[in-house]
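Residue numbers (our numbering), protein chains in the order written: chain U, 368 to 701; chain Z, 371 to 692; chain S, 25 to 323.
C-beta atoms are modelled at their ideal positions from N, C-alpha and C, and glycine is treated no differently.
Before any comments, here is the structure.
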């Protein structure tokens with residue numbers, strides 16, 4: 368008899384094996400998503416956590432703060448990376464789906480304004496000038512450097528910035544345009560800050576905004592622009608110091624992670640969040656952000672232990688000009 | 371229990387005519403319940419393809435209808451700005467269309483000369499041994515994963531262009547288009563070669579007899595005769611370029627830009643869909659429906675091109691020439 | 025066949041002035057050869073440069089290491105595992121569906137308007153861009169069926185993508201089996217299924233497998249559908265169940281290419297070398313199978 372088609376036993380065995388493993392519940396997973404800014408910290412923490420306990424699988428996505436919150440408030444993820452506080456609509460969504468959350472500030476960040484290293488004329492930018500460049504009315508009308516400041520060349524600039532799902536975008540629009548989520552639309556937008564770095568580093572006429580850590584990591588190929596926040600202090604360069612003490616105004620902001628109360632019931636999630644708070648200062652610094660003062664982390668841990676829900680910012684979303692001191696004060700008061 | 375109704379066996383003929391192995395035959399073979407069940411099972415498997423096609427149509431049209439209930443045709447086809455996700459959204463499809471068009475045109479302007487001359491060489495000059503090596507070798511170009519091509523475009527082609535055109539943006543339509551052209555060259559070459567090869571010897575010999583040189587014969591007689599096949603190959607190449615995603619997502623930029631300047635960054639229809647998927651917009655929102663509306667445009671465009679190409683090629687197969 | 029040399033007499037076209045005679049022919053031949061050599065040379069240069077860039081990162085560790093924020097220690101372990109599992113799953117779904125459909129079209133169904141319609145649908149599906157499949161999968165698998173961003177959803181999407189190819193290759197393979205063998209079997213009293221199972225399929229198998237391997241080699245490089253249905257960015261484990269999150273080689277490459285740092289580009293180059301090597305191996309396997317098929321039928 369000629370050879371039978373013997374695919375079936377092999378396929379059957381494969382199927383049985385896969386289905387047996389399909390249980391999935393036996394595997395300990397911690398799933399997170401959200402901001403690409405905070406991702407750098409969460410990725411580092413996840414990597415280090417694996418060395419401590421390799422039986423737990425941590426996955427981290429980069430859908431942007433907005434995209435991440437949608438998943439978080441639908442119960443799809445255990446933790447949320449956020450580069451701005453939770454918004455009213457998200458508070459509502461979480462409530463609607465019965466998701467209770469604990470808000471944990473973990474680091475401080477600045478948004479860097481960056482141009483190509485060979486750009487010689489942009490030596491600073493005021494808040495007003497940035498607003499002119501980025502407000503909705505600028506779409507299709509403001510296209511040239513000369514329209515921003517007299518004496519600048521009459522060439523067209525190319526803008527790169529965070530996409531609409533990004534917390535960085537929300538904060539930027541609030542701080543620069545004055546209205547959250549309101550900006551021109553004709554620029555290269557991406558939730559992935561890496562794409563923005565790439566874009567402006569290769570474009571002599573480029574101007575971009577993204578998280579400070581991404582600038583810090585790619586300093587050699589970028590030129591940072593000092594920003595004059597209009598409070599009389601003149602243009603300020605973002606550094607760990609100026610961001611931390613709030614003088615890099617208005618582009619300094621706290622970074623958060625949110626954990627769902629229900630997920631905290633699982634031992635692996637609890638272990639992960641405790642490890643996170645332990646390591647946040649060190650890893651934030653390594654990655655390029657500003658760690659909070661030492662007192663902040665035990666305060667955060669207390670929030671976890673007590674399952675303290677509610678936002679330090681009353682669920683109103685981004686607030687401009689919060690310094691580390693302010694943040695600490697809020698935490699202690701709460 | 372076996373049903374005893376015998377069944378007439380006839381084997382199928384393929385779309386390109388009856389194969390001599392499968393001339394219709396009438397045989398009476400026993401047909402049990404088991405037989406009928408197996409036939410139904412395999413038939414069901416074949417229906418999966420129909421389901422897939424139906425699924426594509428339903429999903430694309432379904433979400434697009436939801437989209438067009440909120441965005442009018444006038445906005446979609448009339449507006450020249452594409453900023454659907456922003457606070458003051460614009461839904462004009464033209465920037466995405468121009469992005470796709472620009473990169474596709476650049477690609478075909480590379481692939482057509484390369485592919486056509488390669489085809490001429492393979493069918494008119496090459497020895498069978500050379501043809502046996504060269505044809506599969508060209509197919510290699512089509513087999514490279516597109517993400518790898520994207521890497522090539524970003525890492526090598528873009529810096530090379532930047533040294534020729536200073537001040538050009540890192541992301542631009544030219545780099546992506548050139549690399550796409552490389553990728554679709556085999557399509558042009560292969561199908562054109564088939565078309566040229568199919569031109570009857572009698573035509574060539576007739577031209578020769580009338581005193582034509584080989585070159586004249588090729589350009590005045592053979593190529594015009596193969597025109598429908600060559601056109602079919604170009605259209606298929608265009609279709610492939612229109613549907614390409616990774617090369618443009620990596621190298622052409624993510625800025626919707628209504629322009630035909632190859633030095634500018636653009637965003638194609640395919641790149642937009644990827645961009646939105648990376649950011650994860652939730653189902654039911656207008657942003658989500660947008661990618662299906664764009665997807666529908668993409669699907670219809672490539673479908674039309676594929677059908678035209680197919681029609682041209684079957685004209686060729688039936689022995690006709692342009 | 026000698027071509028009479030023309031002295032340029034006779035009518036001239038106003039549209040095209042062609043170099044005539046031997047010079048013209050030689051030039052055309054040269055241009056033709058260049059048209060073939062140039063793209064291939066370009067490809068060789070591109071691949072070679074990538075190889076030179078990435079070779080330093082290649083090592084046994086690279087193949088098993090987890091992705092990392094540090095380019096020097098980032099590896100493709102989970103990506104490679106994900107790709108491997110995807111291929112197995114995709115084959116497990118697409119192979120039975122593809123062979124079954126091919127059998128139905130070739131052996132069971134009587135040619136009719138309906139079967140021609142099915143054939144039309146299949147060849148149309150072959151030309152649909154992969155991102156459209158991604159949209160279909162997003163709506164149907166990820167949301168409606170609730171598979172989420174799992175490796176099963178990824179495999180199902182890829183399976184649909186390569187199904188037309190497998191069906192068409194299987195039909196070709198079935199057609200190479202001589203009709204006489206089938207007739208002999210029926211004459212001996214066998215029914216259709218027994219005939220197919222014991223005689224036709226085994227002979228067609230190398231051709232079918234060749235088609236499957238080539239289809240999988242194509243699927244292995246597909247990035248867009250997997251990104252769209254949402255393969256996660258940081259996955260540091262090997263998927264162990266059908267509903268598990270996953271990453272795959274092309275996604276990892278895309279992720280590393282997207283990073284601005286040159287170190288990650290080197291890592292991306294190394295991953296590309298691995299991907300191309302795997303594809304080369306698969307294509308080689310398919311070619312070997314095809315030659316085995318020739319000897320079998322002839323033998």
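Discussion item. Here's the rule I'm using: 16 or more other beta-carbon atoms within 10 Å means buried, otherwise exposed. How should residue 411 of chain U be labelled?
Written reply: A residue is called buried when at least 16 other Cβ atoms come within 10 angstroms of its Cβ; residue 411 of chain U meets this threshold and is buried.
Discussion item. Quick check on DSSP: helix, strand or coil for residue 198 of chain S?
Written reply: DSSP places residue 198 of chain S in helix when its eight states are reduced to three.
Discussion item. Quick check: the Cα distance between residue 442 of chain Z and residue 142 of chain S, rounded to an integer number of angstroms?
Written reply: Our two residues, residue 442 of chain Z and residue 142 of chain S, have alpha carbons roughly 35 Å apart in a direct line.
Discussion item. Let me confirm a value: residue 130 of chain S is counted as buried when at least 16 other C-beta atoms fall within 10 Å, else exposed. Which label applies?
Written reply: Per the 10 Å Cβ criterion, buried.
Practice prompt. Have a look at residue 524 of chain Z and residue 547 of chain U and give me their C-alpha separation to the nearest angstrom.
Written response: About 34 Å.
Discussion item. Would residue 153 of chain S pass as an interface residue toward chain Z - the criterion being a Cβ-Cβ separation below 8 Å?
Written reply: Closer than 8 Å: yes.
Worksheet item: Beta-carbon of residue 525 of chain Z versus every beta-carbon of chain S: anything under 8 Å?
Response: Interface residue, yes.
Item to complete: Indicate whether residue 491 of chain U and residue 595 of chain U have their beta-carbon atoms separated by less than 8 Å.
Response: Yes, they are a contact pair.
Fill in: Coil, strand or helix - residue 132 of chain S by DSSP
Here residue 132 of chain S sits in helix by DSSP.
Worksheet item: Quick one: complete alpha helix (DSSP H) runs, 4+ long, within the region 646-689 of chain U?
Response: Runs found: 663-672.
Item to complete: Run the CB neighbour count on residue 279 of chain S, radius 10 Å, all protein chains shown included, and call it buried at 16 or more, exposed below.
Response: Flag for residue 279 of chain S reads buried.
Practice prompt. With a cut-off of 8 Å on the beta carbons, I'd call residue 543 of chain Z and residue 622 of chain Z a contact; round off their distance for me.
Written response: Beta-carbon to beta-carbon, residue 543 of chain Z and residue 622 of chain Z are separated by about 5 Å, close enough to satisfy the 8 Å threshold.
Worksheet item: Since residue 659 of chain U and residue 446 of chain U are thought to touch, with beta carbons under 8 Å apart, how far apart are those beta carbons, to the nearest angstrom?
Response: With a Cβ gap of about 18 Å, residue 659 of chain U and residue 446 of chain U do not count as contacting.
Worksheet item: Out of curiosity, what's the CA-to-CA distance linking residue 391 of chain U and residue 677 of chain Z?
Response: A caution first: residue 391 of chain U carries a pLDDT of 45, below 50, which makes its placement in the model too unreliable to give a value.
Worksheet item: In chain Z, which residues lie less than 8 Å from residue 277 of chain S when you measure between Cβ atoms?
Response: By Cβ distance, chain Z contributes 517, 518 and 521.
Practice prompt. Kindly indicate if chain U contains any beta-carbon less than 8 Å away from that of residue 27 of chain S.
Written response: Legend: pLDDT at residue 27 of chain S = 44, less than 50; position of this residue unreliable, value from coordinates given subsequently. Taking 8 Å as the threshold, the shortest C-beta distance from residue 27 of chain S to chain U does not fall below it.
Practice prompt. Output yes or no for whether 8 Å exceeds the beta carbon distance between residue 121 of chain S and residue 415 of chain Z.
Written response: The Cβ-Cβ distance between residue 121 of chain S and residue 415 of chain Z falls below 8 Å.
Worksheet item: Quick one: any contact between the region 493-502 of chain U and the region 608-616 of chain Z, if contact means 3 or more CB pairs under 8 Å?
Response: Put simply, the region 493-502 of chain U does not touch the region 608-616 of chain Z. Fewer than three CB pairs are less than 8 Å apart.
Worksheet item: What's the gap between the Cα of residue 185 of chain S and the Cα of residue 696 of chain U?
Response: Straight-line measurement puts the Cα of residue 696 of chain U at about 57 Å from the Cα of residue 185 of chain S.
Worksheet entry | residue 461 of chain Z, DSSP secondary structure in three states | Reduced to three states, the DSSP call for residue 461 of chain Z is strand.
Worksheet item: Hey, quick one: how far does the alpha helix (DSSP H) through residue 165 of chain S stretch, first residue to last?
Response: Per DSSP, residue 165 of chain S belongs to no alpha helix (DSSP H) and is neither H nor E.
Practice prompt. With DSSP as the reference, label residue 525 of chain U as helix, strand or coil.
Written response: Collapsing the DSSP output to three states places residue 525 of chain U in a strand.
Discussion item. In this structure, how does DSSP classify residue 575 of chain U when only helix, strand and coil are distinguished?
Written reply: Looking at residue 575 of chain U - three-state DSSP - the assignment turns out to be strand.
Worksheet item: Any idea what DSSP makes of residue 149 of chain S, helix, strand or coil?
Response: In the structure shown, residue 149 of chain S sits in a helix (DSSP, three-state: H, G or I).
Fill in: Per-residue DSSP class, three states only, for residue 622 of chain U
For residue 622 of chain U, the secondary structure class from DSSP, reduced to helix, strand or coil, is strand.
Practice prompt. Quick one: grab the DSSP three-state call for residue 537 of chain U.
Written response: If DSSP states are grouped into helix, strand and coil, residue 537 of chain U belongs with the helices.
Item to complete: Would you verify that the beta carbon of residue 309 of chain S is, or is not, closer than 8 Å to some beta carbon of chain U?
Response: No - not a single Cβ of chain U is within 8 Å of the one on residue 309 of chain S.
Worksheet item: Secondary structure at residue 459 of chain U, three-state DSSP: helix, strand or coil?
Response: Of the three classes helix, strand and coil, the one that applies to residue 459 of chain U here is helix, per DSSP.
Discussion item. With a threshold of 7 Å on Cβ separation, who are the neighbours of residue 308 of chain S within its own chain once the five nearest residues in sequence on each side are excluded?
Written reply: So the list is empty, once near-sequence residues are dropped.
Practice prompt. Compute the Euclidean distance between the alpha carbons of residue 641 of chain U and residue 668 of chain U, then round it to the nearest angstrom.
Written response: In this structure, the CA atom of residue 641 of chain U is about 7 Å from the CA atom of residue 668 of chain U.
Item to complete: Tell me, please, whether the CB atom of residue 391 of chain Z is closer than 8 Å to any CB atom in chain S?
Response: Only weak support is given to the placement of residue 391 of chain Z: the predicted model assigns it a pLDDT of 42, under 50, and the value that follows is read from those uncertain coordinates. For residue 391 of chain Z, the answer is yes, since a Cβ of chain S falls inside 8 Å of its Cβ.
Worksheet item: Any idea which residues DSSP pairs residue 470 of chain U with across the strands?
Response: DSSP, once it has assigned bridges, lists U:625 as partnering residue 470 of chain U.
Practice prompt. Following the continuous alpha helix (DSSP H) through residue 424 of chain U, name the residue where it begins and the one where it ends.
Written response: Per DSSP, residue 424 of chain U belongs to no alpha helix (DSSP H); it is in the beta strand (DSSP E), 423-427.
Worksheet item: DSSP beta-bridge partners for residue 448 of chain U?
Response: U:401 and U:624.
Discussion item. One question on the structure: do residue 528 of chain Z and residue 636 of chain Z come within less than 8 Å of each other, judged by their Cβ atoms?
Written reply: If you check the CB distance, residue 528 of chain Z and residue 636 of chain Z do not come in under 8 Å.
Worksheet item: In chain U, which residues lie with their C-beta within 9 Å of the C-beta of residue 409 of chain Z?
Response: Proximity of chain U to residue 409 of chain Z at the Cβ level (cut-off 9 Å) is not reached, the minimal Cβ distance being about 17 Å.
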